[in-house]
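Right, one structure below, let's go through it.
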């Protein structure tokens, strides 16, 4: 079963936005057992959209179109789809009701263009959009399936998860696919490959192992295809057990969850609390933690001390320490961690101080120098990292490594 | 002059990586006056690459291919290109020298596959890669130009900037493309469309208007093509002026920058400082601000007070206020803003307290209820928002609206 993704919108072709939708959709479709043949981005142009639809029809069984469903006149996707299918438009009452509700909630006047958003193709099943005004559409045509979705990411995601994937699964008899993920940290992908090469070489042909590295963590994903789910699951479980035994020191959890989420679960289960003291990460660590629902049962809060003055006044770092060793030093970062622990009364604390760049580097502390400390009532552990020149990556790597240090200490303290 | 970008690599089609190269290349090409007709991602598959090359040749004058130039055996781009052009390979001595240097620098053994990286197409001009082992190639064939580049972002970027763009500019006499962006906040795209429909209807055919909405802000982008830049710029400037006059209350800035970046620039110019007190956004506001280099000249830091205890101890919110009105209330959020301003000694402060969800809602304060306050030494302005049910969006909308409130107050205080 092959799919093709077509994204429509000039904003992608002039490079104003990065197309993150396609990667997300590709992931979800892959998990459901559907291979992506091609991803195509075209402009808001009738002829070009028609060409893309025709070519995709030749190559794929499922064509998913995103973007170009907004109320303004630069959106011509719907009209062009009607032309492609030689069909007309109908007003969908439920979609109209939804548009009306959204406008009345925000006390905005309902314009004619907004009413038109409730128009769908005559030959489509409406996919009601609970997060926005533009409904999605599911069209079966000449033995192929076409899906049209709004381009706003969270609207698209909702419709994919709630409507599209379930419909695909119930329409086609796809092979059983089972994925099992092992989250590792602190070891590179080639080192893992070396450690488990015999296990990998011995995999049966219907089970594959993928390495998914991302800034300090590597996910190992075992994926199998079979007709019997029970057998497949027990096969994969046995392989996973062998891998985990081999690289036990680096395994965080056997699940496809984010590192910080597995830490939150671990701490919640043990009734432990966390606070932070962030300098160069500027809120990124806290934001990473608090994006997860329920994080408030573990995470109390913390200080963002971009200025040295605030390191002193909020965290009790001594002026003398900063003067003598600098803000990016083992002394300062340890005082920050202890300060957060004491002032904010948590069981654990994390502190980060570094030079994210692109400016601010000095000779013995170039851009990318980052100190991280983790503390509990009995000890402080700190470590120096030397990352690269890129601000965004330095911030991300700092956050990941702080979380890894915390998780290691947690496991030591509370196995 | 039309271009097409083809990215090659299974990792894009299984959603393992987000294709950021294409957006970057599209931006650079647009700035040089080249329109992107299509962006296509295909797998490491000979037939599919050939099809993509043939179709791109029909649509575009310039075809840029990235990815698939690595040393491992699954990279078949170069072989397939040779087949497409009916040409052979030659060893490029300079490229080989470069490969050897890199391997000796990292003290790695030079394998046969690495030597092969210095092979280029017989009909190509070699684009020497100073940042990696895979050279780029520039091929002129049947009045079209083909460029093959490595997929590693910083290698691709270097070759684009130093080799490809200069060659394109010296080869073609390109039309001038000019974009002008108006950043608006606090008004929906359909309301804007209604307000300026006569201006939009009267646009000359060589100037287009696009609406780019994103959680609370809408970018209006005027794009024009012409042979004379001066004339085009004054045409677009006149149209922009009319639009800005019509929707003056909602215009943040006439530039294609992020909202928080325009605030940072505005404050830096006026020597103003900012601190924050974040509850439900949990660091997202700070992270949004500090992602920008140089933010430390404006942003001092702040408190993340997820727990009520920390609202009291860090920001001086009174226990009585929280007890009587709750943490999500005008009283609490104003005390948070004043607390940050006083304790952290900044010119402005922002405070956010709300229920991000999915849990924690109560009858008179459902999920999505968010209070935001902005303060300076003379006043506190607060506003209640009622967003939806989705945590991530509630956090993002809170951040955007806090920034909008700050910008409005800044403009009032320091026009």
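Protein chains in written order, with the numbering used here: chain A, 60 to 474; chain B, 60 to 474. Note that the Cβ used here is the ideal one computed from N, Cα and C, for glycine as well.
Return the first residue and the last residue of the beta strand (DSSP E) that residue i is part of.
i, result
"residue 150 (chain B)", "148-150"
"residue 226 (chain A)", "From DSSP, residue 226 (chain A) is part of no beta strand (DSSP E) but of the alpha helix (DSSP H) over 224-230."
"residue 297 (chain A)", "Here residue 297 (chain A) belongs to no beta strand (DSSP E); instead the alpha helix (DSSP H) covers 288-305."
"residue 211 (chain B)", "No beta strand (DSSP E) holds residue 211 (chain B); DSSP gives it neither H nor E."
"residue 180 (chain B)", "178-180"
"residue 445 (chain A)", "439-445"
"residue 410 (chain A)", "407-413"
"residue 219 (chain B)", "That residue, residue 219 (chain B), is in no beta strand (DSSP E); it is neither H nor E in DSSP."
"residue 337 (chain B)", "333-337"
"residue 270 (chain A)", "266-273"
Following the continuous alpha helix (DSSP H) through residue i, name the residue where it begins and the one where it ends.
i, result
"residue 378 (chain B)", "378-384"
"residue 262 (chain A)", "Unbroken run through residue 262 (chain A): none, as it is neither H nor E."
"residue 254 (chain B)", "248-254"
"residue 373 (chain A)", "367-374"
"residue 460 (chain A)", "450-472"
"residue 173 (chain A)", "171-175"
"residue 84 (chain B)", "80-90"
"residue 358 (chain A)", "Premise fails: residue 358 (chain A) lies in the beta strand (DSSP E), 358-364, not in any alpha helix (DSSP H)."
"residue 113 (chain A)", "105-118"
"residue 424 (chain A)", "Segment: none, residue 424 (chain A) is in no alpha helix (DSSP H) and carries neither H nor E."
Counting contacts by CB-CB distance shorter than 7 Å, is residue i in contact with chain B?
i, result
"residue 327 (chain A)", "no"
"residue 69 (chain A)", "yes"
"residue 342 (chain A)", "yes"
"residue 407 (chain A)", "no"
"residue 86 (chain A)", "yes"
"residue 349 (chain A)", "yes"
"residue 154 (chain A)", "no"
"residue 284 (chain A)", "no"
"residue 130 (chain A)", "yes"
"residue 184 (chain A)", "no"
"residue 356 (chain A)", "no"
Please tell me whether residue i has its Cβ less than 7 Å away from any Cβ of chain A.
i, result
"residue 89 (chain B)", "yes"
"residue 444 (chain B)", "no"
"residue 450 (chain B)", "yes"
"residue 253 (chain B)", "yes"
"residue 432 (chain B)", "no"
Among residues of its own chain, excluding the 5 on either side of residue i, which ones have a beta-carbon nearer than 7 Å to its beta-carbon?
i, result
"residue 100 (chain B)", "66, 71, 72, 78"
"residue 213 (chain B)", "190"
"residue 345 (chain A)", "335, 337, 361"
"residue 231 (chain B)", "60"
"residue 233 (chain B)", "60, 91, 92, 93"
"residue 403 (chain A)", "334, 359, 360, 361"
"residue 312 (chain A)", "242, 321"
"residue 376 (chain A)", "370, 391, 394, 395, 398"
"residue 187 (chain B)", "153, 154, 157, 194"
Using the rule of at least 16 other Cβ atoms within 10 Å of the residue's Cβ for burial, across every protein chain shown, is residue i buried or exposed?
i, result
"residue 265 (chain A)", "exposed"
"residue 229 (chain A)", "exposed"
"residue 295 (chain A)", "buried"
"residue 205 (chain B)", "buried"
"residue 210 (chain B)", "buried"
"residue 145 (chain A)", "exposed"
"residue 69 (chain A)", "buried"
"residue 151 (chain B)", "buried"
Quick one: what's got a C-beta closer than 8 Å to residue i's C-beta in the same chain, skipping five residues either side?
i, result
"residue 155 (chain A)", "174, 177"
"residue 138 (chain A)", "105"
"residue 378 (chain B)", "371"
"residue 420 (chain A)", "414, 426, 427, 428"
"residue 454 (chain A)", "339, 340, 341, 343, 415"
"residue 452 (chain B)", "274, 446"
"residue 418 (chain B)", "426"
"residue 134 (chain A)", "103, 127, 128"
Which residues in the same chain have their Cβ closer than 6 Å to the Cβ of residue i, if we skip the five residues on either side of it in sequence?
i, result
"residue 130 (chain A)", "172, 173, 176"
"residue 432 (chain A)", "392, 393, 396, 410, 439, 441"
- Query: Taking three-plus beta-carbon pairs below 8 Å as touching, is the segment 253-272 of chain B in contact with the segment 280-293 of chain B?
  - Reply: yes
- Query: Looking at C-beta atoms only, is the number of pairs between the segment 186-198 of chain A and the segment 108-115 of chain A that lie closer than 8 Å three or more?
  - Reply: no
- Cβ contact (3+ pairs, closer than 8 Å) linking the segment 355-362 of chain B and the segment 353-367 of chain A: yes
- Message: Contact between the segment 334-351 of chain B and the segment 393-405 of chain B is defined here as three or more beta-carbon pairs at a separation below 8 Å; is this criterion met?
- Response: Yes: the two stretches touch, three or more of their Cβ pairs being nearer than 8 Å.
- Message: For the pair the segment 223-236 of chain A and the segment 85-92 of chain A, tell me if three or more CB-CB distances fall below 8 Å.
- Response: Counting Cβ pairs under 8 Å, three or more are found: they touch.
- Item | Cβ contact (3+ pairs, closer than 8 Å) linking the segment 305-318 of chain A and the segment 454-466 of chain A | Counting C-beta pairs with one atom in each stretch, the segment 305-318 of chain A and the segment 454-466 of chain A have three or more that are closer than 8 Å, which means they touch.
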